[in-house]
Amino acid sequence: MKNYTGEDSSSGINRMFMRWELPGFSFIKQWLRQRKPKPVSKVIPPEFITMDAALHNLAEQQMIPGMGIAIFKKEEISMLQGYGYADLKKKTPVDPAKTLFRAASVSKPIAAAALANLVAEGRIDLDASYYDYVPYYPKKDYDFTIRQLAAHTAGIRAYRGKEYALNRPMSIKDSLKVFQEDPLVFPPGSDYLYNSFDWVMLSLAMEEVTGVSFESYVKHTVLDPLGLKNTMPEAPDISKKNQAVCYSRWGSRFKKATPVDNRYKLAGGGYLTTVEDLIRFGKVILEKKFCPEAMDQFLSPQKVKGKSTYYGLGWQVSEDSKGRPYFGHIGNQVGGYSYFKIFPESGLIIAALVNCSDPGIQEVLDGIGEEFQNP
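Residue numbers for the sequence shown follow this note's numbering, beginning at 429 and rising by one.
Encoded structure:
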């Protein structure tokens, strides 16, 4: 089966980003019967009881250290809840409005918004050669475009070995040395290969066009205007208030994750955010209040050899198990997992963030999405 999105195919992470979805809310009920959930708080609305119990048990059964989840439907945030701990040692509970998690590849839709703004202003042409903007990038056997990079059809390779967890400070430009001398994996436009290096390259093109850092451009054109006050780059040498401790699973327990420095791949997976900010961002995109004409291109699935890749430009564009369209992204990286889906027909937005990698909870989150699609 074709992998469509993900962080690192070599570690199997891509598997969770396939087009076809897993069974719906019935899975949650079955899951609960197996785990004897604890009674839930009376403050939880009746329609949320089964779901809330399931999510509590994710933490109690040590499937996750901590998680924030937010659900937007019918013009309001229906649920904003934290589960487990942002810091296991200190037993600091997750605050869904304040706890900062690694956004992982949900950083790509944020970067895509910045690119869409440049497209809307006529400063970047999606179908122009990448070399028009970054002429010093080493020449390959084939030319490739901005659109092909954004759609993961340019032929740039994915991570190799320990590249997934680099821990050294690099500028975006310097980080190209990691992969720039390698040949293209396939002729541009002939296949699809998800990777984060595509968006590293795009962020450099944006810097060349604007004359300012990618971080600064995104802040002033996306984060600040949209009120995403709790979305920011992660800097390993600077402690952020409310940032969740990042963990990795070791057998049946969690240990602090391997230190990484994601600043060079800010556009592909370097932001911190909250579930509340993701809902705010999703609402703006859902209501077509940000560069709507340009965003239409970004939210349209691209094709390879006449077949959909189920990926647009920085956005996963697919359907759930019942054929209902959605766009968003899922991310997985060292110490973080992210789930962000927008269902345009029902106006449903789901955002979930976890402070560990590979939590294995997509079935539960997909089931929640299916349940909330019901009348």
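Heads up, the beta-carbon is just placed ideally off N, CA and C, and yes, glycines get one too.
Item to check | Sheet register partners of D515 (DSSP bridge) | outcome: The residue labelled residue 515 in the question sits at position 87 within the sequence shown. In DSSP, D515 forms a bridge with T520.
Item to check | Same chain, Cβ closer than 8 Å to Q801, five either side skipped, listed in chain order | outcome: In the sequence shown, counting from the first residue as 1, residue 801 sits at position 373. D748, K750, R752, F771, S774, L776.
Item to check | Close Cβ partners of S689 (< 7 Å) along its chain, the five nearest in sequence each way excluded | outcome: Numbered from 1 along the sequence shown, position 261 holds the residue referred to as residue 689. It is Asp, not Ser, that sits at residue 689 in the sequence shown. The answer, listed in chain order, is L594, N595, R596, P597, P664.
Checklist entry - Which one of K731, L508, A544 has the shortest CA to CA distance from M634? => result Stepping through the sequence shown from its first residue, residue 634 is reached at position 206. With distances taken between Cα atoms, M634 lies closest to A544.
Next on the checklist: Between which residues of its own chain and S641 is the CB-CB distance below 7 Å, once the five residues before and five after are set aside?
Outcome noted: Here residue 641 refers to the residue found at position 213 when the sequence shown is read from its first residue. E635, listed in sequence order.
Next on the checklist: With H, G and I counted as helix, E and B as strand and the rest as coil, what does DSSP make of I499?
Outcome noted: Numbered from its first residue, the sequence shown carries residue 499 at position 71. Residue state, collapsed to three classes: strand.
Next on the checklist: What does the Cβ neighbour count give for P805, buried or exposed, with the cut at 16 atoms within 10 Å?
Outcome noted: In the structure displayed, the chain extends from 429 to 803; residue 805 sits before or after that span and is not available.
Checklist entry - Can you tell which of G512, K647, A578, E798 has its C-alpha closest to the C-alpha of G742? => result What you label residue 742 is simply residue 314 of the sequence shown in a count that begins at 1. Among G512, K647, A578, E798, the Cα nearest to that of G742 is on A578.
Checklist entry - For the alpha helix (DSSP H) that P753 lies in, which residues bound it at each end? => result Translated into positions along the sequence shown, residue 753 becomes position 325. That residue, P753, is in no alpha helix (DSSP H); its beta strand (DSSP E) goes 753-761.
Checklist entry - Contact check, L483 vs I497 under 8 Å by CB: the rounded distance? => result In the sequence shown, the residue the question calls residue 483 occupies position 55. In the sequence shown, the residue the question calls residue 497 occupies position 69. So it is a contact: roughly 7 Å between Cβ atoms.
Item to check | Every unbroken alpha helix (DSSP H) inside the region 656-743 [4 residues or more] | outcome: As summarised for the region 656-743, the continuous alpha helix (DSSP H) elements at least 4 residues long and confined to that stretch are 694-697, 703-714, 720-726, given in chain order.
Next on the checklist: Alpha carbons only, please: which of S736, P661, E504, R585 is nearest the one belonging to K536?
Outcome noted: On the sequence shown, residue 536 is found 108 positions in, with the first residue counted as 1. If we check each option's Cα against that of K536, P661 comes out closest.
Item to check | Spatial neighbours of W678 in its chain, beta-carbon cut-off 7 Å, leaving aside the 5 residues before and after | outcome: Walking along the sequence shown from the start, residue 678 turns up at place 250. Excluding positions up to five away in sequence, the list is empty.
Checklist entry - Considering only C-alpha positions, which residue in the set Q489, M479, M495 is nearest to E764? => result In the sequence shown, the residue the question calls residue 764 occupies position 336. Reading off the sequence, residue 764 comes out as Gly, not Glu. Nearest C-alpha to G764: M495.
Next on the checklist: I'd like to check one pair, L656 with F709: are the Cβ atoms closer than 7 Å?
Outcome noted: For the purposes of this step, residue 709 is taken as the residue at position 281 of the sequence shown. For the purposes of this step, residue 656 is taken as the residue at position 228 of the sequence shown. Remark: C-beta atoms of F709 and L656 approach each other more closely than 7 Å.
Next on the checklist: According to DSSP, is Q509 part of a helix, a strand, or is it coil?
Outcome noted: Position 81 of the sequence shown, counting from 1, holds the residue named residue 509. Strand, per DSSP.
Checklist entry - If we ignore side chains and look at the alpha-carbon of each, how far apart do M446 and G697 end up? => result To locate residue 446, count along the sequence shown from 1; it is residue 18. To locate residue 697, count along the sequence shown from 1; it is residue 269. Note that M446 scores a pLDDT of 31, beneath 50, so its modelled location is shaky; the value from the coordinates is reported in the next line. When rounded, the distance between both Cα atoms is 19 Å.
Checklist entry - If you run the structure through DSSP and keep just helix, strand and coil, what is V792? => result Taking the first residue of the sequence shown as position 1, residue 792 is located at position 364. Looking at V792 - three-state DSSP - the assignment turns out to be helix.
Item to check | Which of helix, strand or coil DSSP assigns to K811 | outcome: The shown model of the chain, from 429 to 803, leaves out residue 811, and the question about it has no answer.
Checklist entry - Given a threshold of 16 other Cβ atoms within 10 Å of its Cβ, counted over all protein chains shown, does K693 qualify as buried or as exposed? => result Along the sequence shown, read from residue 1 onward, the residue named residue 693 stands at position 265. Answer is buried; the Cβ neighbour count reaches 16.
Checklist entry - Which residue's Cα is closest to the Cα of D555: F572, H648, Y565? => result Along the sequence shown, read from residue 1 onward, the residue named residue 555 stands at position 127. Out of F572, H648, Y565, F572 has the C-alpha closest to the C-alpha of D555.
Checklist entry - Quick one: what's Y765 bridged to in DSSP? => result Counting from 1 along the sequence shown, the entry for residue 765 is found at position 337. Looking at the DSSP assignment, Y765 forms a beta bridge with N760, V782.
Next on the checklist: Looking at the secondary structure, which residues open and close the alpha helix (DSSP H) in which T527 lies?
Outcome noted: Taking the sequence shown and counting its residues from 1, one reaches residue 527 at position 99. Neither: T527 is in no alpha helix (DSSP H) and is coded neither H nor E.
Checklist entry - How should H580 be labelled, buried or exposed, when 16 other C-beta atoms within 10 angstroms of its C-beta is the threshold for buried? => result Translated into positions along the sequence shown, residue 580 becomes position 152. Flag for H580 reads buried.
Item to check | Inter-stretch contact (C-beta, 8 Å, three-pair minimum) for the region 506-526 and the region 642-656 | outcome: Here the region 506-526 does not lie against the region 642-656, with fewer than 3 beta-carbon pairs under 8 Å apart.
Checklist entry - Per DSSP, what kind of secondary structure is I777 in: helix, strand or coil? => result Indexing the sequence shown from 1 puts residue 777 at position 349. Secondary structure of I777 (DSSP, three-state): strand.
Next on the checklist: Closest to P611 by C-alpha separation, out of T659, L632, G740, A586, would be which residue?
Outcome noted: Translated into the one-based positions of the sequence shown, residue 611 becomes position 183. The residue with the shortest Cα to Cα distance from P611 is A586.
Checklist entry - Tell me the DSSP bridge mates of T573? => result Here residue 573 refers to the residue found at position 145 of the sequence shown. DSSP, once it has assigned bridges, lists S557 as partnering T573.
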